[in-house]
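Residue numbers (this note's numbering): 1 to 124. Glycine is no exception: its CB is placed at the ideal position from the N, C-alpha and C atoms.
Right, dumping it as structure tokens:
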């Protein structure tokens with residue numbers, strides 16, 4: 001139980017910093033043999049309060065622009081529902097592999113961007 005709380009703390013800190021707590025939470029829960037769909041559900045449930053607090057502070061600091069926001073919200077809701085529906089059709093092993101490939105791709109992209117930025121900084 002302590003390990004699960006520690007994982008939640010790490011995911012919460014990462015989510016609060018804008019990194020996305022699911023980046024840590026889903027793989028960590030996988031190490032505890034929690035099924036992939038349950039780990040993703042836990043991540044989504046944990047995301048709601050973090051997002052609500054972040055949204056409050058962003059509104060408070062006047063960082064939210066509400067003009068034309070429906071052009072983002074409506075497709076996000078539609079595709080979120082579609083993704084949840086299709087997730088039930090996909091075997092858990094495929095979800096695990098897909099998530100792993102996604103994390104490696106994002107990690108590789110970030111490494112590439114960092115190397116490119118360090119190269120630019122050296123030239124200056």
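Unbroken alpha helix (DSSP H) runs of no fewer than 4 residues, entirely contained in the region 50-106, are found at 70-87, following chain order.
Per DSSP, residue 29 is one residue of the alpha helix (DSSP H) stretching across 22-31. Per the coordinates, the alpha-carbon of residue 72 lies some 17 Å from the alpha-carbon of residue 58. With a contact defined as Cβ atoms closer than 8 Å, residue 11 and residue 24 qualify at about 5 Å. For residue 118, the secondary structure class from DSSP, reduced to helix, strand or coil, is helix. For the 7 Å CB-CB criterion, residue 95 and residue 36 form a contact.
Separation of residue 115 and residue 22 (C-alpha to C-alpha, rounded to the nearest whole angstrom) is 25 Å.
Between the C-alpha atoms of residue 40 and residue 1 there is a straight-line separation of about 19 Å. Of the residues assessed, residue 3 falls on the exposed side of the cut-off, its CB having fewer than 16 other CB atoms within 10 angstroms.
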